[in-house]
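Visitor:
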Amino acid sequence: MEYRQLGETSLRISILGFGASPLGDVFRQTDPADRTAAVHLAVDRGINFFDVSPYYGLTLAETRLGEALQGRREKVVLATKCGRYNADQFDFSAARITASIDESLTRLRTDYVDLLQAHDVEFGDVRQIVEETVPAMRRLQAQGKARFVGITGYSLKNLMEIASQVKVDTILSYCRYNLMITDMDTTLMPFAKRNGIGLINASPLHMGVVTEHGAPDWHPAPHQVHEAGKETVALCKRRGVDASEVALRFCLDYPNAASTLVGMSSTSHVERNLKAMEKPNDSELLAEIAKIVAPVKDVVWPSGRAENYG
Ligand code: NAD
Numbered sequence: 021m022e023y024r025q026l027g028e029t030s031l032r033i034s035i036l037g038f039g040a041s042p043l044g045d046v047f048r049q050t051d052p053a054d055r056t057a058a059v060h061l062a063v064d065r066g067i068n069f070f071d072v073s074p075y076y077g078l079t080l081a082e083t084r085l086g087e088a089l090q091g092r093r094e095k096v097v098l099a100t101k102c103g104r105y106n107a108d109q110f111d112f113s114a115a116r117i118t119a120s121i122d123e124s125l126t127r128l129r130t131d132y133v134d135l136l137q138a139h140d141v142e143f144g145d146v147r148q149i150v151e152e153t154v155p156a157m158r159r160l161q162a163q164g165k166a167r168f169v170g171i172t173g174y175s176l177k178n179l180m181e182i183a184s185q186v187k188v189d190t191i192l193s194y195c196r197y198n199l200m201i202t203d204m205d206t207t208l209m210p211f212a213k214r215n216g217i218g219l220i221n222a223s224p225l226h227m228g229v230v231t232e233h234g235a236p237d238w239h240p241a242p243h244q245v246h247e248a249g250k251e252t253v254a255l256c257k258r259r260g261v262d263a264s265e266v267a268l269r270f271c272l273d274y275p276n277a278a279s280t281l282v283g284m285s286s287t288s289h290v291e292r293n294l295k296a297m298e299k300p301n302d303s304e305l306l307a308e309i310a311k312i313v314a315p316v317k318d319v320v321w322p323s324g325r326a327e328n329y330g
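Residues in the sequence shown are numbered from 21 upward in steps of one, following our numbering.
1. Taking 8 Å as the cut-off, is the CB of Gln137 close to at least one heavy atom of the ligand NAD?
2. Tell me the rounded alpha-carbon separation between Lys301 and Ser279.
3. On the three-state DSSP scale, how would you describe Asn106?
4. Would the segment 306-324 and the segment 238-256 be scored as touching if the rule is three or more Cβ pairs under 8 Å?
5. Take Lys295 as the anchor and find which of Gly27, Asp45, Tyr274 and Ile67 has the nearest alpha-carbon.
6. Cβ of Asn198 versus every heavy atom of the ligand NAD: is any distance shorter than 8 Å?
7. Should Ala162 go down as buried or exposed, given a rule of 16 or more other Cβ atoms within 10 Å for buried?
8. Are three or more beta carbon pairs between the segment 55-66 and the segment 111-129 nearer than 8 Å?
9. For the 8 Å Cβ check, are there 3 or more pairs between the segment 73-86 and the segment 43-58?
10. Going by alpha carbons, who is nearest to Pro315 out of Lys250, Arg258 and Val245?
11. Okay, do the segment 46-55 and the segment 29-37 touch, 3+ Cβ pairs below 8 Å being the bar?
12. Name the two residues that bound the continuous beta strand (DSSP E) containing Val169.
13. Roughly how many whole angstroms lie between the Cα atoms of Tyr132 and Gly249?
14. How about Arg129 and Arg167: do their beta carbons lie closer than 9 Å?
15. Can you list, in chain order, the residues of its chain whose CB lies under 6 Å from that of Ala310, leaving out five sequence neighbours each side?
16. Taking Thr100 as the reference, give the member of Gln90, Asp108, Phe69 and Gly91 with the closest Cα.
17. Heavy atom of the ligand NAD less than 8 Å from the Cβ of Val188, yes or no?
18. Three or more C-beta pairs closer than 8 Å, one from the segment 179-194 and one from the segment 262-272: is that the case here?
19. Met180 to Ile217, Cα distance in whole Å?
20. Quick check on Ala53: buried or exposed, where buried means 16 or more other Cβ atoms within 10 Å of its Cβ?
21. In the structure shown, what three-state DSSP assignment does Ile67 receive?
Shown next, in the form of structure tokens:
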């Protein structure tokens with residue numbers, strides 16, 4: 021496994037990160053034994069970066085991840101979030117953030133997280149995030165409950181607006197750098213580099229668009245994006261390769277994000293995603309995929325509709 025420094029933090033994280041949202045059954049029902057085995061397998065194979073949130077499965081993902089990590093907590097860099105609690109339930113107040121971390125720590129069966137992130141900040145008020153939320157998170161850091169502090173979201177503009185007004189250690193951006201879209205590279209990446217902020221890239225499969233199974237019903241992308249995803253999957257199938265592995269590898273080859281978080285909840289996905297690390301992408305295939313994706317390249321959806329799991 022390859023590891024990279026996360027910005028200017030002391031955290032060294034695996035370039036393949038374990039996105040734990042599927043543990044909360046947000047994509048489909050998961051098998052209890054298999055999802056626990058998936059976490060164990062990932063840790064055993066050197067995946068040390070785990071990302072979760074109280075929002076995923078309405079606390080289910082945190083609880084399940086905490087159970088699965090028992091006895092393995094010290095082997096991983098654990099990230100969770102605060103401020104988002106349901107599709108339409110947000111509370112970025114200092115009081116909620118302060119209570120939220122204790123609830124997360126109980127579910128995760130630990131007394132600190134390595135990274136605490138304000139979740140989907142575009143749904144909050146910029147001024148509140150800058151003046152109240154992040155300062156409250158810094159106090160939790162001073163108390164030893166979180167080692168570092170970050171923000172997450174879909175709107176690159178909003179993430180940069182906040183991070184230019186208040187110092188954060190990391191930014192997690194999702195569905196902004198993968199086979200379907202790469203605009204994170206031209207905007208957020210230079211900003212993060214300039215400001216010493218660690219960059220985390222999430223949703224390399226575009227939240228299921230570049231998978232055989234296809235995206236879930238709640239997926240916010242316009243129809244044409246789904247169609248381009250299906251065409252990409254079909255092309256890869258004809259070439260005898262797995263589109264999800266190609267899509268993941270495309271992100272792993274990007275050197276400017278410390279880690280790529282892919283959602284996993286089964287041992288077969290962990291195995292396949294680890295395999296993607298060994299298989300370089302074929303440049304001719306990537307050129308053909310680029311042609312399919314060209315008409316919808318860099319299509320974004322209104323951020324209010326992003327990541328509304330469930
Ligand atoms: P993703 O693009 O990683 O897609 C996940 C889906 O792909 C799931 O259905 C999963 O079962 C499936 N999958 C995984 N590996 C596969 C494989 N090899 N073949 C076929 N299917 C496969 O999207 P995601 O889960 O939304 O994103 C990854 C992680 O990033 C999340 O779990 C979460 O931790 C983080 N994230 C954070 C935010 C935020 O903070 N706002 C938003 C999105 C994602």
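Built from N, CA and C at the ideal position, the CB exists for glycine as well. All figures in this text were calculated on a predicted structure; none of them were measured in a lab.
Guide: Taking the definition as stated:
1. Within the cutoff, so yes.
2. Checking the displayed sequence, the identity of residue 301 turns out to be Asn instead of Lys. Each residue's Cα considered, the two are about 18 Å apart.
3. Assignment of Asn106 by DSSP, reduced to helix, strand and coil, places it in the strand class.
4. With the rule of 3 Cβ pairs closer than 8 Å, the segment 306-324 counts as touching the segment 238-256.
5. Nearest of Gly27, Asp45, Tyr274 and Ile67 to Lys295, Cα basis: Ile67.
6. Yes.
7. By the Cβ neighbour-count rule, Ala162 is exposed, with fewer than 16 other Cβ atoms within 10 Å of its own.
8. Proximity of the segment 55-66 to the segment 111-129 falls short of the contact definition, fewer than three beta-carbon pairs being nearer than 8 Å.
9. Verdict: yes, contact present.
10. That would be Val245, whose Cα lies nearest to the Cα of Pro315.
11. Segments in contact, no.
12. Ala166 to Gly173 is the span of the beta strand (DSSP E), which, as asked, contains Val169.
13. Per the coordinates, the alpha-carbon of Tyr132 lies some 39 Å from the alpha-carbon of Gly249.
14. No, the pair does not count as a contact, with Cβ atoms beyond the cut-off.
15. Correct list: empty, nothing qualifies.
16. When Gln90, Asp108, Phe69 and Gly91 are compared, the shortest CA-CA separation from Thr100 is found for Phe69.
17. Flag unset: Cβ of Val188 not near the ligand NAD.
18. No, they do not touch.
19. Cα to Cα, the separation comes out at about 11 Å.
20. It counts as exposed.
21. The answer is coil: DSSP assigns Ile67 none of H, G, I, E or B.
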